Amino acid sequence: MKPLDKFISDEIPQYYYYIFGFITAFFILFYVHYSFTAWFIQDDIGFLYTFYKNLAWENFFSFNTLYRFLSINLYWHYLYKFFGNTATLYFITNLLILCANTIILFFFIRGLCKDTAIAVVAGIIYFIMPPTIKNITWICNNQHLFSHFFAFLFLHIYFNKGVIDDLNIKKGVILTILLGCTLISNFLAAFIIPSLIIYHILYFKEIKLKKINILFLIFWVFLFTAFVIASKYLVGMLRSPEYGIDLSLATFIKTLQSYSYHIYKNLPILIISIILIFAIGIIKKDKLIIFFISSSLCFYMPYAFAVFQRNANYLAISYLFYCTGIILILKKHIRMPILILLFVLYNFINTHHMVREFSENPAGDRVRTFITQMKDEYYKKELYKYEKIYFKTDEPINYKTGIAAIDENNTPLFWRRLSSGYALKLFLDHQLDYLAVYYGEKAPADFPLFIVSKDLFRQEDIGVKRVVMPEKGARKESR
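If you're matching positions, the sequence shown starts at 13 in this note's numbering and goes up one per residue.
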């Protein structure tokens, strides 16, 4: 018996699953605890204010906003209807979607790879990886979770429910609906369609497609392509200097560096690992490994040359498929279960700084403190009886923090960080009429004046500093 033989096995030891269970339970507790400590922030407040009254059905037929009708319009409208301003319930809803995604992903991977252990490990990594933490810790990132739900369900039905080589009209319509829901949640997850093409190229000899399969594939490619091309918002982004595309090696490397930060913190190691995964897949003639790593690159390409560096959450499926390729190699070819355990533990340890950061500084916590202070002052001093209120900072413009007293549209920039003042009407008074003044100006004496902090995001300087009451106020006659 060779010295390494005792470490080589096709099976994962039973006690590994207890470790996996502990890691999963830890993250469930973290996500639940976070749900009770975080609050609305930035885009959350803007979406909530925009859609809490109306669905804005015209957006469904518009090419202006990359759609996201399902994950923005419907989500914020109906969750406000049921949950109001209780942010915890929005976070819990997103956590339930994440759990559903993980379960569907498990069934998809298990069916495609014919291996339960690989599916378990892939599911755990999806549940705890940095892009998922980003998605779960900011409410409006539900758009990614929604799109993953429909994309994973599409893949599970396509590969595991007799569709791949025996499609019929009924199943084709169901898959088209799922693709449509993916597109109107977040179109990035719809790169499952190019992935299907890659799969069928790899398995051209093994899987003979029927005419109906080919017709639906062509239709899905057309639908996906038309959606992307027709989006005026996307076209505008591509043309803008801040968000545009720069087809240069420097931009490509910069994006890879941003991506690698959340994986190995090292760009050369990331590139070497991708080359090795491809090489092992080719040498071992393992088409599933080639499929997953090729699909990972496919999901990465929309941001490969992006001038604006997005957060890792935009590359969630890319990272997931990259990890799945590694799991396949460790399980099927190297056959050392200890390496699978170490890979899971690496992903677990790699998130500790994010878990600590979000635990200590939950999103929206300082905004909630400010809103609470403002609401207390607003009702304590009966400011709702006045026609208008003014507010300003009592310090000069601070360009370093991006906080200024007022912008060119008379929108106070310290409120701009809270979505252009929506928070005032949303959390204080829907009928509120407010104006801002320059830090050096004097507000009219007839109206109350809020003196607020210049920067809501500094721990030592949060909230309402004082409220100046007028001697003779222009009060409303009736509410």
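Ideal Cβ positions, reconstructed from N, Cα and C, are used throughout, including at glycine.
From a predicted model like this one, the values you see are computed outputs, not experimental measurements.
A residue is called buried once 16 or more other Cβ atoms fall within 10 Å of its Cβ, and Pro374 is buried on that count. With contacts defined by Cβ atoms closer than 8 angstroms, Phe139 and Ser83 do not form a contacting pair. Restricting attention to alpha helix (DSSP H) runs no shorter than 4 residues, the stretch 359-393 encloses them at 364-372 and 377-392, ordered along the chain. The alpha-carbon separation between Gln155 and Ile204 amounts to approximately 16 angstroms. A Cβ-Cβ contact shorter than 8 angstroms links Leu91 with Thr105. In its chain, beyond the 5 residues on either side, Asn113, Ile116, Leu117 and Phe120 have a beta carbon closer than 7 angstroms to the beta carbon of Phe164. Per the C-alpha coordinates, the member of Ile224, Thr149 and Leu195 positioned closest to Val175 is Ile224.
Membership of Leu461 in any alpha helix (DSSP H) is not indicated; the residue belongs instead to the beta strand (DSSP E) covering Leu461 to Val464. Here Trp88 really is in contact with Leu60; their C-beta atoms are around 5 angstroms apart, less than 8 angstroms.
In this structure, the CA atom of Gly58 is about 18 angstroms from the CA atom of Thr381. The C-beta distance from Tyr331 to Pro206 rounds to 17 angstroms, too long to meet the 8 angstroms contact threshold.
Per DSSP, the unbroken alpha helix (DSSP H) holding Val185 starts and ends at Ile181 to Leu195. The DSSP assignment places no complete run of the beta strand (DSSP E) inside the stretch 297-323 (cut-off: 3 residues).
Under DSSP, Val233 shares a beta bridge with no residue.
Spatial neighbours of Cys152 in its own chain (CB-CB distance under 7 angstroms, excluding positions within 5 residues in sequence) are listed in chain order as Asp55, Asp56 and Phe59. The three-state secondary structure of Tyr396, taken from DSSP, is helix. A residue is called buried once 16 or more other Cβ atoms fall within 10 Å of its Cβ, and Gly33, having fewer, is exposed. Within the model, the alpha-carbon separation for Ser307 versus Phe333 is close to 7 angstroms. Counting along the chain, Val175 sits inside no alpha helix (DSSP H), nor does DSSP assign it H or E at all. For the options Glu23, Ile24, Thr100 and Val240, the alpha carbon positioned closest to that of Gly376 is the one of Thr100. Beta-bridge analysis with DSSP links Lys404 to Ile463. Here Arg80 is buried: its Cβ has 16 or more other Cβ atoms, across all protein chains shown, within 10 Å. By the neighbour-count criterion, in which 16 or more other beta carbons inside 10 Å mark a residue as buried, Val133 falls on the buried side. DSSP places Arg478 in the strand class (E or B) of the three-state scheme. Per DSSP, reduced to three states, the secondary structure at Arg122 is helical. Spatial neighbours of Asn172 in its own chain (CB-CB distance under 6 angstroms, excluding positions within 5 residues in sequence) are listed in chain order as Gly123. His168 is classed as buried because its beta carbon has at least 16 other beta carbons within 10 Å across all chains shown. When C-alpha distances from Leu357 are compared across Cys335, Glu369 and Leu259, the shortest belongs to Cys335. Cα atoms of Phe239 and Ile53: separation of roughly 29 angstroms, rounded to the nearest angstrom. By the beta-carbon neighbour count (other beta carbons within 10 angstroms, threshold 16), Arg378 is buried. With a beta-carbon spacing of about 6 angstroms, Ala50 and Phe103 fall inside the 8 angstroms limit used to define contacts. Annotation for Leu279: Ile265, Leu268, Gln269 and Ser272 place their beta carbon closer than 8 angstroms to its own, counting only its chain and skipping 5 residues before and after. By the C-beta density criterion, Met481 is exposed, having fewer than 16 other C-beta atoms within 10 angstroms. In this structure Leu327 is in contact with Tyr315, their Cβ atoms being roughly 7 angstroms apart against a cut-off of 8 angstroms.
Distances from the CA of Ile213 to each of Phe303, Thr263, Leu179 and Ala291 were compared; the closest alpha carbon is that of Phe303. Annotation note: the stretch 73-112 contains the following uninterrupted alpha helix (DSSP H) runs of length 4 or greater, listed N- to C-terminal: 87-95.
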